[in-house]
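This report refers to the structure that appears directly beneath it.
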Amino acid sequence: MKTTIREIISSKTSWEVMISWFIDIIREHKKYIFLILRQKTEFIQIFIEKEKFEKIEFRLESFIEVTWVMQYKEEIKLHSMELIAEHIEVLSYAQEELPISWKWEWYPSISERLDHRHLSLREPKIMLAFEMMSCFDLKVREFFHKRWFMEIHTPKIIWTSSEWWAELFEMEYFDKKAYLAQSPQIYKQMAIAAWFEKVLEVAPAFRADPSFTSRHVTEITMLDIEMWPISSYHEILELESEMLVYTIAAIKEEFGEKVRELYWLEIEVPTLPFPTMKFRECVEILEKEFSILIWEGEDMSSEWEKKLAEYAKKEYGHDFLYITEYPSSVRAFYTMSKDGESPYSTWFDLVYKWLEITSWAQREHRHDILRSKIIEKWMWVEWFRHYLEAFKHWIPPHGWFWFWFARLFKQMLWFETIKEMILMPRDPKRIFP
């Protein structure tokens with residue numbers, strides 16, 4: 020029978036079984052060879068008598084099948100055990116010298132790692148990050164399904180912008196123009212108008228953003244939720260905070276030990292409540308603590324968010340910070356103003372370790388006010404005809420948030436760029452592999 024390295028380590032299996040995985044390290048001696056086999060993020064040592072397997076050539080990253088028996092020795096560094104090879108078959112040879120390796124004296128550049136993505140993804144640290152994100156995805160769904168959220172799948176080919184025209188990917192759609200969806204915003208709200216009550220989606224979104232930063236890509240995977248009824252945006256804030264505590268605690272339980280081993284990091288489960296600052300309070304802190312002036316109508320930059328996160332860490336000892344009540348003038352048309360004619364909105368962002376990972380707000384649900392906000396933003400009402408129709412037939416007070424998985428794990432594991440947290444990332448110059 021076949022087994023996994025993890026099962027071997029945990030059960031101390033001693034009977035003869037079979038294992039198939041990659042050759043990670045080769046240590047050759049006069050009469051014997053030691054191989055370290057790698058299976059995702061787990062490793063085990065194989066002892067091979069040269070005389071017994073003299074016709075077999077061993078190459079790094081080749082895939083072999085081994086039948087073995089166990090040998091325990093306290094002096095063996097790797098789990099105090101090794102496998103004595105009884106039978107070996109090479110199932111697939113690595114055909115040429117590897118173009119990149121994380122074991123090189125110099126670490127390959129991000130460009131090299133992305134050019135040869137199938138190899139860079141084999142690195143145990145990267146593999147672990149993807150295992151963690153997979154678990155996070157599962158736990159997010161688990162959290163919301165327990166709260167009666169319905170998972171939906173919205174169109175990714177759209178007829179008009181849901182965010183901002185400058186970031187749209189245009190495409191030919193038979194005899195007309197269409198666009199790739201920047202977000203599921205409009206369709207989530209139409210689901211609310213259908214009285215779905217609570218919805219979530221984990222799906223790709225597309226942004227024709229020419230930025231070349233460590234936090235931007237042109238294709239992203241986001242969690243989006245929409246819910247009603249709500250009486251205040253604080254309900255959304257509390258929901259997301261609870262979700263993060265729930266999911267990060269699950270990640271720590273499952274992967275905490277492995278993260279300590281590979282990253283020398285401790286996963287910190289956040290405590291409730293998360294610190295919160297209003298936009299106007301942030302303006303005062305930036306001026307007082309950092310001598311930074313923000314003019315009326317100016318949006319928050321990433322550098323200012325970083326300063327505020329440093330301040331929150333010092334003052335509250337917390338890695339998360341909510342920045343709430345942004346000026347209505349710098350936020351989308353569908354965002355409700357805080358109190359009637361207030362210049363401040365119900366929009367807020369969540370910053371984690373100096374990087375924004377979430378935006379959300381309470382929506383404007385009143386048809387006439389929503390229509391006037393579209394006009395105020397210099398957008399054509401006809402573009403939103405089907406969307407506005409949903410608001411004519413009564414839609415309850417509701418709110419939303421979106422969440423970037425890649426940004427959370429970039430910060431949690433201190434990666435150079437979110438591209439490391441995306442299987443095959445896309446940016447303005449990269450559409451391969």
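FYI, the numbering for the sequence shown is 20 to 452, going by the working numbering.
From the three backbone atoms N, C-alpha and C, an ideal C-beta is built for every residue, glycine too.
None of these values were measured; they are calculated from a predicted model.
**Study point:** Leu458 to Phe410 span [Cα, whole Å]
**Key:** As shown, the chain starts at 20 and ends at 452. That puts residue 458 outside it, with no answer to give.
**Study point:** 8 Å contact criterion, which Thr365 and Met355 should meet: CB distance rounded
**Key:** 5 Å
Check your understanding: Roughly how many angstroms separate the alpha carbons of Glu220 and Leu442, rounded to a whole number?
Key -> 19 Å
Practice item. Tell whether a beta-carbon distance below 8 Å holds between Leu12 and Ile67. Key: What the structure shows of the chain is the stretch from 20 to 452, and residue 12 is not part of that stretch, so it cannot be assessed.
Point to revise | Short Cβ contact (8 Å threshold) for Thr179 with Phe424 | key: no
Check your understanding: Which class does Lys69 belong to by DSSP, given the choice of helix, strand or coil?
Key -> helix
Check your understanding: Looking at C-beta atoms only, is the number of pairs between the stretch 109 to 125 and the stretch 69 to 80 that lie closer than 8 Å three or more?
Key -> yes
Point to revise | Strand pairing of Glu170, partner residues [DSSP] | key: Leu219
Review point. By how many angstroms is the C-alpha of Pro289 removed from the C-alpha of Leu263?
Key: 8 Å
Check your understanding: Closest to Asp134 by CA distance: which of Ala210, Ser120, Phe293 and Gln430 is it?
Key -> Ser120
**Study point:** Test item: CB-CB of Phe293 and His235 under 8 Å
**Key:** no
Practice item. List in chain order: all unbroken beta strand (DSSP E) runs of 3+ residues lying wholly within the stretch 295 to 321. Key: 295 to 297
**Study point:** Residues of its chain near Lys396, where Cβ-Cβ distance is below 7 Å and the 5 sequence neighbours each way are ignored
**Key:** Phe352
Point to revise | Cα-Cα separation between Ile213 and Gln381, rounded to whole angstroms | key: Checking the sequence, you will find Ala at residue 213 rather than Ile. The alpha-carbon atoms of Ala213 and Gln381 are separated by roughly 18 Å.
Check your understanding: Which stretch, first to last residue, makes up the alpha helix (DSSP H) that contains Arg404?
Key -> Arg404 to Phe410
Review point. Candidates Phe82, Ile42 and Lys49: which alpha carbon is nearest Gln64's?
Key: Ile42
**Study point:** Cβ neighbours of Pro415 in the same chain (closer than 8 Å, five flanking residues each side left out)
**Key:** Ile211, Trp247, Pro248 and His384
Exercise for review: Using the Cα positions of Phe451 and Arg57, report the straight-line distance between them to the nearest angstrom.
Suggested key: 27 Å
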